[in-house]
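**Student:**
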Amino acid sequence: MNLKSYFLFFLFLISLLFYQNVAAQNYSGDWYNDTDKFVFSIKHNGKTMKITNASGKSFTSTEYRETVTNYTFIFDFGKKMCELFMARNTDVEIYVSIFDGINDNIEYTIYKKAKKSKIPITDKEVTDDSSLVTDVLVKIQLEKNPETNKAYFGLCNDGYSALKIDISAEGLDKLNVHFEKGLGAIYDEEGESLGDRIALSGKTSVYFVPEMYIRNDKFTDAIQINKKMVDAAEEIIIFSYEDSAGKEKEYKLPIKILRPPVMLVHGFTGDKTTWDLFLTHFAAERFDAQSDDYDLKKSGRQSVEAQSKRLGTNIHRKKRLYSYQNIKLTKVDVVCHSMGGLMARYYAHGYKKYRDDVRKLIMIGTPNHGIEYWWRRAAGQSFAWLIN
1 MNLKSYFLFF LFLISLLFYQ NVAAQNYSGD WYNDTDKFVF SIKHNGKTMK
51 ITNASGKSFT STEYRETVTN YTFIFDFGKK MCELFMARNT DVEIYVSIFD
101 GINDNIEYTI YKKAKKSKIP ITDKEVTDDS SLVTDVLVKI QLEKNPETNK
151 AYFGLCNDGY SALKIDISAE GLDKLNVHFE KGLGAIYDEE GESLGDRIAL
201 SGKTSVYFVP EMYIRNDKFT DAIQINKKMV DAAEEIIIFS YEDSAGKEKE
251 YKLPIKILRP PVMLVHGFTG DKTTWDLFLT HFAAERFDAQ SDDYDLKKSG
301 RQSVEAQSKR LGTNIHRKKR LYSYQNIKLT KVDVVCHSMG GLMARYYAHG
351 YKKYRDDVRK LIMIGTPNHG IEYWWRRAAG QSFAWLIN
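According to this note's numbering, numbering within the sequence shown proceeds without interruption in unit steps and concludes at 388.
(1) If you draw a straight line from the alpha carbon of residue 277 to that of residue 192, how long is it in whole angstroms?
(2) For the alpha helix (DSSP H) holding residue 271, just list the boundary residues, first then last.
(3) Out of curiosity, what's the CA-to-CA distance linking residue 275 and residue 163?
(4) Thinking residue 360 and residue 333 are a contact (beta carbons under 8 angstroms), I'd like their distance in whole angstroms, please.
(5) Cutting at 6 angstroms between CB atoms, please list the residues of its own chain near residue 138, excluding the five before and the five after it.
(6) Less than 7 angstroms between C-beta atoms, sequence neighbours within five positions excluded: which residues of the same chain meet that for residue 282?
(7) Residue 318 by DSSP, collapsed to three states: which one?
(8) What are the boundary residues of the alpha helix (DSSP H) that residue 344 is part of?
(9) May I ask you to report which of helix, strand or coil DSSP gives residue 34?
(10) For residue 140 and residue 367, what's the separation of their Cα atoms in angstroms?
(11) If I measure Cβ to Cβ from residue 147 and keep anything under 8 angstroms in the same chain, skipping five residues before and after, which residues do I get?
(12) Between the beta-carbon of residue 232 and the beta-carbon of residue 222, is there less than 8 angstroms?
(13) When DSSP builds the beta bridges, which residues end up paired with residue 354?
(14) Kindly give me the distance between the Cβ atoms of residue 259 and residue 157, rounded to whole angstroms, as I take these residues to be in contact under 8 angstroms.
(15) Under the rule that 16 or more other beta-carbon atoms within 10 Å means buried, what is residue 306, buried or exposed?
(16) Which one or two residues does DSSP pair with residue 138 in a beta bridge?
(17) Shortest alpha-carbon distance to residue 313 belongs to which of 210, 338 and 348?
(18) What's the gap between the Cα of residue 151 and the Cα of residue 338?
(19) Within this structure, are the beta carbons of residue 256 and residue 154 separated by less than 8 angstroms?
(20) Given a cut-off of 8 angstroms on the beta-carbon distance, is the pair residue 335 and residue 279 in contact?
(21) Just the Cα atoms here: how many angstroms apart are residue 344 and residue 316?
(22) Just verifying my parser: in three-state terms, what is the DSSP assignment at residue 162?
(23) Near residue 185, what residues of its chain come up, given a Cβ to Cβ distance below 7 angstroms and the 5 sequence neighbours on each side ignored?
(24) List the whole-angstrom C-beta distance separating residue 196 from residue 178, where the pair is believed to meet the contact cut-off of C-beta under 8 angstroms.
(25) Over what stretch of residues does the alpha helix (DSSP H) that includes residue 280 continue unbroken?
(26) Let me know if residue 355 comes out buried or exposed under the rule of 16 or more other beta-carbons within 10 Å of its beta-carbon.
(27) First and last residue of the beta strand (DSSP E) that includes residue 179?
(28) Since I believe residue 211 is in contact with residue 183 (beta carbons under 8 angstroms), could you give me their beta-carbon distance rounded to a whole number of angstroms?
(29) Assuming residue 239 is part of the beta strand (DSSP E), what are its boundary residues?
(30) In whole angstroms, what is the alpha-carbon distance linking residue 340 and residue 318?
(31) CB-CB under 6 angstroms to residue 267, same chain, minus the five flanking residues each way: which ones, in chain order?
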């Protein structure tokens with residue numbers, strides 16, 4: 001072994017004496033320059049993710065050894081991003097902002113290690129090699145669709161649908177809320193409007209309810225539902241809070257809003273083509289209208305109950321098509337003509353398996369008072385003897 005090798009070996013022994021790692025079990029006390037080192041382990045859906053800093057610099061490993069003072073890291077989930085802000089204070093504070101629609105759980109572990117120092121890092125000097133697992137400070141999650149096991153990302157403004165939003169927060173007692181386009185509001189579980197502020201207590205659940213009436217010019221987006229593009233508006237909910245350093249943190253939650261579908265029911269002598277002109281009009285008004293054949297001419301061999309069952313089947317199928325696209329839909333509108341109105345009325349007010357899924361029932365030329373009443377109105381009292 002030459003002189004140079006002895007010298008390097010001597011330096012290695014010296015380093016073993018002075019660079020013992022000490023892990024902090026808790027983060028009380030000061031952070032010290034030139035001693036801090038952080039090790040990140042970031043996972044999203046079980047997959048380790050790429051880490052960059054705020055300037056876009058990519059880390060070749062998950063260790064970051066530079067001094068950290070109010071530093072921001074960006075975790076890249078493909079097209080979605082998550083921001084982690086670390087502030088150097090008396091107590092370590094970790095804030096995470098999730099944006100661009102990340103609703104899945106994000107797990108990360110942060111280890112704080114430091115070189116041995118005469119000044120303790122914590123109130124009690126810790127010499128073991130334990131780590132601290134830190135949860136996300138604020139996690140906002142949209143209601144999960146039980147049919148697809150994914151989060152809803154939109155709903156219909158049918159007056160009954162509301163999207164549940166679960167908020168988990170630690171160290172915060174409130175969140176500010178702002179609606180970018182003013183197309184809805186947030187309510188608590190008792191149905192009380194929360195305005196522009198949400199009071200937090202651990203895990204909190206609130207509900208987004210869209211406005212009942214939204215102008216046509218707000219429907220600037222579209223969603224494909226069963227090979228058909230359906231017009232949609234978009235509300236962006238902005239949640240914000242102020243961290244202990246006085247810096248405002250915010251992230252945006254986009255929600256699609258669609259008008260409730262319209263089911264068209266023809267009359268006794270009609271078929272689904274009866275509504276062709278209406279379909280064009282409804283499309284121009286940003287409605288998703290659907291016309292079907294109901295074979296009402298066979299009414300002598302089919303009961304009204306049997307006919308209304310088909311309407312119920314069509315409504316149920318429509319709701320499932322929306323659900324497959326993670327759009328929450330509770331009720332539809334029904335527009336019907338002549339005898340089709342009698343069938344739809346029976347479905348909504350007499351059918352045993354009615355699912356409470358009709359919001360509005362609009363009847364055109366339907367003889368709700370019976371055929372005799374209709375003839376009296378049409379012929380006048382002078383010809384009433386014809387039907388007596």
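Beta carbons: idealized from backbone N, C-alpha and C, even for Gly.
**Tutor:** Taking the definition as stated:
(1) If you draw a straight line from the Cα of residue 277 to the Cα of residue 192, it comes to about 42 angstroms.
(2) Element bounds for residue 271: n/a, residue is neither H nor E.
(3) 33 angstroms
(4) 4 angstroms
(5) 169
(6) 262 and 289
(7) helix
(8) 339-349
(9) Bear in mind that the predicted position of residue 34 carries a pLDDT of just 33, short of 50, making it unreliable; the figure below should be weighed with that in mind. Looking at residue 34 - three-state DSSP - the assignment turns out to be coil, as it is neither helix nor strand.
(10) 52 angstroms
(11) 320, 323 and 324
(12) yes
(13) The partner list for residue 354 (beta bridge, DSSP) is empty, contrary to what the question assumes.
(14) At roughly 6 angstroms, the Cβ-Cβ gap stays under 8 angstroms, so residue 259 and residue 157 are in contact.
(15) exposed
(16) 169
(17) 348
(18) 41 angstroms
(19) By the CB criterion at 8 angstroms, residue 256 and residue 154 fall inside the cutoff.
(20) no
(21) 14 angstroms
(22) coil
(23) 193 and 209
(24) The Cβ separation is near 6 angstroms, so the contact holds.
(25) 276-284
(26) exposed
(27) 174-179
(28) With a contact defined as Cβ atoms closer than 8 angstroms, residue 183 and residue 211 qualify at about 5 angstroms.
(29) 228-242
(30) 19 angstroms
(31) 337, 338, 339 and 340
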